[in-house]
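Trainee:
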Amino acid sequence: MIQSLVQLNKRLRIWALIFITLILCGCSTGDQQFEYIHLPGTEPSSGANMPFTSAISVGSGQILFLSGTSGAPVPHSHPHDATEFDHLDFGAEAATVRVMERIKRTVEAAGGEITDVIQVTKFVKDVATNGDTIREVMNRYWGPNHNPASTTIEIVRVASDPRFVLEVEAVAVIPQ
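Counting from 0, one number per residue, gives the positions in the sequence shown under numbering that gives the first Met the number 0.
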């Protein structure tokens, strides 16, 4: 009986190794499982100096991870040149409209729509002053029947320019 248990234990270990090997082979990185999404004018061939990608689509276009969006014009210089932003309205409403329009264009460039966004992380300068306006503008874009998961983090400044009051990262799930 003990010998039968030892043989069974060996068989189970062999089957477990085969199973794990098959799983690991299925996770091969030989085929690229993601696609870079570029807004018009930011493609590598455009000459734009973009040190990041607007978004990355994962899993045959189903999951889209959007880079932080501050409402800065795209493309813009890197390192940042504050004079490129001097013409912008830095109020919470105008800034949020620019951010949401860029998120909308990015999701559309990947074949989706704004209501495919399922999660946002908002980095907000002075939440007490800007939070309600940002939320109201974002809700206009989501519509009455869409409410993505959301986190708000208060920050001292946005990296691209201290006059910006908002940067948003987002995740979208785009139906096939």
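For every residue, glycine included, the Cβ atom is placed at its ideal position computed from N, Cα and C.
Which runs of the beta strand (DSSP E) at least 3 residues long sit entirely within the stretch 112–166? Give them in chain order.
Mentor: 116–124 and 148–154
Trainee: Roughly how far, in whole angstroms, is the beta-carbon of residue 169 from the beta-carbon of residue 102, given that I think they are within contact range, below 8 Å?
Mentor: The Cβ separation is near 6 Å, so the contact holds.
Trainee: Go through its chain and collect everything with a Cβ distance to residue 148's Cβ below 6 Å, but skip five positions before and after it.
Mentor: 118
Trainee: From the DSSP output, in three-state form, read off residue 69 for me.
Mentor: coil
Trainee: Thinking just about the alpha-carbon of each residue, which of 62, 142, 80 and 125 is nearest to the one in residue 99?
Mentor: 142
Trainee: Can we say the stretch 129–144 touches the stretch 89–97, given the rule of at least three CB pairs closer than 8 Å?
Mentor: yes
Trainee: Let me know the secondary structure DSSP gives residue 62 once reduced to three states.
Mentor: Three-state DSSP puts residue 62 in a strand.
Trainee: In terms of alpha-carbon separation, which member of 126, 87, 174 and 120 lies closest to residue 160?
Mentor: 87
Trainee: With burial defined as no fewer than 16 other Cβ atoms inside 10 Å of the residue's Cβ, what is the status of residue 173: buried or exposed?
Mentor: buried
Trainee: Would you decide whether residue 167 is buried or exposed? Buried here means 16 or more other CB atoms lie within 10 Å of its CB.
Mentor: buried
Trainee: Whose CA, out of 114, 108, 146 and 63, lies closest to the CA of residue 40?
Mentor: Residue 40 has its Cα closest to that of 108, out of 114, 108, 146 and 63.
Trainee: In its own chain, which residues sit with a C-beta less than 8 Å from the C-beta of residue 130, not counting the 5 before and 5 after it?
Mentor: Around residue 130: 123 and 151.
Trainee: Decide if residue 81 is buried, meaning its Cβ has at least 16 other Cβ atoms within 10 Å, or exposed.
Mentor: exposed
Trainee: Between residue 179 and the rest of its own chain, which residues show a CB-CB distance below 7 Å, the 5 nearest in sequence each way excluded?
Mentor: As displayed, the chain neither begins before 0 nor continues past 175, which places residue 179 out of reach and without an answer.
Trainee: Using the Cα positions of residue 75 and residue 155, report the straight-line distance between them to the nearest angstrom.
Mentor: Taking the straight line from one Cα to the other gives about 22 Å.
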